[in-house]
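> First, the structure itself, so that you have it in front of you.
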Amino acid sequence: MFERAKAILVKEFKQIFRDPRMRMIIFISPLIQIILFGYSANKDITYVPTAIYDRDNTSESRDLLRRFTYSKYFVPEKYIFTDQDQDFVLNKGLVNTVIRIDRGFARNLNADKDASIQLAFDGTDSNTAMIVMGYANTIINNYQQEVLKNKAAAAGFLNSTPSVELQDRAWFNGNLISRNYYLPGVIATIITMMSLLLTAMAIVKEKEIGTMEQLTVSPLRPLELIIGKLLPFAIIALVQICLITLLGVAWFHIPLRGNILFLLFATCIYLFTTLGIGLFISTISSTQQEANMAVFLFYLPTVLLSGFAYPIANMPQVIQWFTVFNPMRYFMVIIRSIFLKGVGLEVLWPQLIPLFIIGLAVISLSALRFRKKLT
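This is how it looks when you write it as structure tokens:
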């Protein structure tokens with residue numbers, strides 16, 4: 013049995029590496045994807061093009077604006093002087109944010125009255141807008157605390173004004189770099205796409221060139237044929253995850269705190285689902301074009317419902333129920349936890365068990381359908 017499966021495996025490897033397009037897809041495409049995603053999958057806001065609109069023009073207003081412009085976030089691109097200028101720079105997209113201080117700011121501040129500052133920003137990207145608001149609130153709060161301390165000191169009450177200081181500590185991603193969170197997820201999406209696409213296309217290609225009929229009339233048993241067909245793509249997927257992990261760690265300095273062998277073990281379990289689905293797609297597709305379309309129809313909702321970009325907890329309850337059957341949901345938690353938390357089986361077994369059950373069910377059903385197609 014194993015000799016015949018081995019013969020199919022060797023034939024598959026020869027056939028794969030004989031095709032220049034397949035070599036490109038296997039080795040070059042994942043590296044290009046991890047580099048592109050590594051630079052683009054970044055939600056850290058470090059540059060906010062800003063317009064300054066100071067209608068008060070006092071030492072107090074300039075001091076506050078200086079705190080904005082001296083931060084590493086708000087970069088003054090324009091200095092404006094009318095309301096029409098404010099509308100113009102926002103409507104034309106010349107800046108993201110306008111910081112406006114109206115007349116009477118310093119007078120109200122010195123008279124112990126409320127002094128307001130307006131932050132007008134582009135709200136089309138709600139994520140960026142919320143982050144910009146957070147930066148601005150931090151600067152305003154620090155300024156307000158300093159003003160209160162100075163007034164208390166001038167009145168001789170400095171020792172009687174206690175303050176509460178927040179000491180924060182971020183675990184697992186100390187510098188709060190979003191790339192450290194997204195790049196392990198990108199690795200999961202690449203492995204998913206590659207294993208699905210390669211499996212489905214390779215088997216459908218056999219149909220197109222007519223060699224599948226030759227295999228069906230050979231002494232090969234269906235199980236031997238399935239093992240010989242799927243094992244090469246499992247090996248290729250493991251090689252790919254090693255390559256792109258190495259690139260992510262070496263080039264983008266993504267921390268890999270967990271055990272690489274445990275990562276490969278979890279990937280093997282996950283490959284039961286992706287290879288099984290690729291096998292199923294091959295049974296319902298007659299051409300490589302059909303297989304491509306079927307792969308993408310499956311791939312897009314799988315990624316969207318995996319927690320890769322949007323937290324599952326924020327999704328409607330009905331959608332959350334559907335994600336229970338999404339294998340990438342569990343693998344996404346596993347790969348991020350291995351990279352950032354450095355945990356192993358003792359923590360991740362609740363993710364591995366449903367992943368294994370789904371994988372076993374998918375590969376079994378796909379193999380049965382493939383066997384029926386052969387017979």
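Using our numbering, you'd call the opening residue of the sequence shown number 13 and step up by one each time.
Backbone N, C-alpha and C fix where the C-beta goes; we use that ideal spot for every residue, glycine too.
1. Do you know how far the Cα of N271 is from the Cα of N103?
2. The alpha helix (DSSP H) that contains E72, what's its start and end?
3. On the three-state DSSP scale, how would you describe P339?
4. Any idea if P362 is buried or exposed, counting beta-carbon neighbours within 10 angstroms, 16 or more meaning buried?
5. For R35, which residues from the same chain have a beta carbon less than 7 Å from its beta carbon, with the 5 sequence-adjacent residues on both sides left out?
6. What do you reckon, are the CB atoms on L255 and L77 nearer than 9 Å?
7. Got a sec? Which residues, its chain only, sit under 8 Å from R341 by beta carbon, not counting five neighbours each side?
8. Looking at I215 and G288, is the spacing between their C-beta atoms short of 9 Å?
9. For V345, collect the residues of the same chain with a Cβ closer than 8 Å to its Cβ; drop the 5 residues on either side in sequence, then sort them by chain order.
10. Should I248 and M206 be called a contact, given that it needs their Cβ atoms to be closer than 9 Å?
11. Could you give the distance in angstroms between the alpha-carbon of L273 and the alpha-carbon of A53?
12. Which residue comes first and which comes last in the alpha helix (DSSP H) that contains A303?
13. If we count the other Cβ atoms within 10 Å of its Cβ and call it buried at 16 or more, is G50 buried or exposed?
14. Is it true that the CB of S83 sits closer than 9 Å to the CB of Y147?
15. Is DSSP giving Q130 helix, strand or coil here?
16. Straight-line CA distance for G371 to F284?
Judging by the given coordinates:
1. In this model, N103 and N271 are separated by some 51 Å (Cα to Cα).
2. Here the alpha helix (DSSP H) through E72 covers 71 to 81.
3. Three-state DSSP puts P339 in a helix.
4. Classification for P362: exposed.
5. Excluding residues within five positions, the ones whose Cβ falls inside 7 Å are F29.
6. For L255 and L77, no; Cβs fall outside 9 Å.
7. Taking R341 as the centre and dropping the five residues before and after it, the same chain places the C-beta of L317, S318, G319, I324, T335 closer than 8 Å to its C-beta, in chain order.
8. By the CB criterion at 9 Å, G288 and I215 fall outside the cutoff.
9. Here the set comprises G319, L360, Q363.
10. A Cβ-Cβ contact shorter than 9 Å links I248 with M206.
11. Each residue's alpha carbon lies about 26 Å from the other.
12. Per DSSP, A303 is one residue of the alpha helix (DSSP H) stretching across 300 to 316.
13. It counts as buried.
14. Against a cut-off of 9 Å, the Cβ pair of S83 and Y147 comes out as a contact.
15. If DSSP states are grouped into helix, strand and coil, Q130 belongs with the strands.
16. Answer to the nearest angstrom: the Cα atoms are 5 Å apart.
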